[in-house]
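Numbering (my numbering), first residue to last: 1 to 235.
In this text, a Cβ means the ideal position worked out from N, Cα and C, and glycines have one as well.
The structure displayed is predicted, hence computed values, not measured ones.
Right, here's the structure in full:
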């Protein structure tokens, strides 16, 4: 499979410029810190992580990877943003997090190197930032063991998602830096489901992520019209 060039240098630069703020819970990454317990609990309820070998694709500064390691998993976080990885490594040292390592490598390259090596693969808030998300899905499928679990989260592509996830989150509420997401790169659930089917991943569960700007409260429900997550199992 293709092992390189499935990345956007502008996207990497965007997140690298903010790398030093990954663990500032009042920074641009505040939403990730706020939703992390929700997504972690959802994953844990479907597959308890303790003792499992877990890969976090597009780990950034390590917010989810660190949390999964604290649940007792043996975690490898990978990303192509060097500065973000250094922040993740530094945080692991400062927080004395055991069971987490980080590596600068693409999912496609790691799939060629270590196929079928992980019990669980997570790829959260990353697919909408790469040129060809289907290649990342395929790589995740190659990396997980047969019967293993792969989790994805991304943003739907429709008028409501444009209004809430881009106009609302980036330009009105300032929850995210302007330009974080491009509408054309957003992914419909049906498209993600097709990528998964072609990679021999069977979707088992889906959840929507909601936000109330008045109470500043996030929660999960069955509405996948804007932000959504899906769980899959390798055939």
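Put residue i into one of helix, strand or coil per three-state DSSP.
i           : result
residue 166 : helix
residue 29  : coil
residue 68  : helix
residue 73  : coil
residue 158 : coil
residue 3   : Residue confidence for residue 3 is low, a pLDDT of 45 falling below 50, so the modelled location carries little weight and cannot support an answer.
residue 190 : helix
residue 24  : coil
residue 34  : helix
residue 126 : coil
residue 40  : helix
residue 209 : strand
residue 55  : strand
Name the two residues that bound the continuous beta strand (DSSP E) containing residue i.
i           : result
residue 104 : 100-104
residue 199 : Segment: none, residue 199 is in no beta strand (DSSP E) and carries neither H nor E.
residue 50  : Note, residue 50: premise wrong, no beta strand (DSSP E); not H, not E.
residue 17  : Looking at the DSSP string, residue 17 is not in any beta strand (DSSP E); the run it does join, the alpha helix (DSSP H), is 9-17.
residue 59  : Where residue 59 is concerned, there is no enclosing beta strand (DSSP E), given that its DSSP letter is neither H nor E.
What residue range does the alpha helix (DSSP H) around residue i cover?
i           : result
residue 137 : 133-143
residue 83  : 82-95
residue 113 : 107-113
May I ask you to list the residues that DSSP assigns as paired with residue i?
i           : result
residue 224 : In the DSSP output, where bridge partners are listed per residue, residue 224 has none listed.
residue 231 : 151, 205
residue 218 : 211
residue 119 : Partner(s): none; residue 119 has no beta bridge.
residue 78  : 57, 103
Check whether chain B comes within 9 Å of residue i, counting only Cβ atoms and requiring the distance to be less than that.
i          : result
residue 32 : Protein chain content of the structure displayed is limited to a single chain, and chain B is not contained in it.
**Asked** Looking at C-beta atoms only, is the number of pairs between the stretch 191-198 and the stretch 159-169 that lie closer than 8 Å three or more?
**Response** no
**Request:** Pair every Cβ in the stretch 175-186 with every Cβ in the stretch 218-227, then say whether three or more of these pairs are closer than 8 Å.
**Result:** no
**Message:** With three or more beta-carbon pairs closer than 8 Å as the criterion, would you say the stretch 131-143 touches the stretch 4-20?
**Reply:** yes
**Asked** Is there contact between the stretch 46-55 and the stretch 110-120, where contact requires at least three CB pairs shorter than 8 Å?
**Response** yes
**Item:** Meets three-Cβ-pair contact criterion under 8 Å: the stretch 45-52 and the stretch 156-163
**Value:** no
**Prompt:** Between the stretch 9-18 and the stretch 76-88, do three or more beta carbon pairs fall short of 8 Å?
**Reply:** yes
**Request:** Determine, using beta-carbon pairs with one atom in the stretch 96-104 and one in the stretch 66-78, whether at least three such pairs fall under 8 Å.
**Result:** yes
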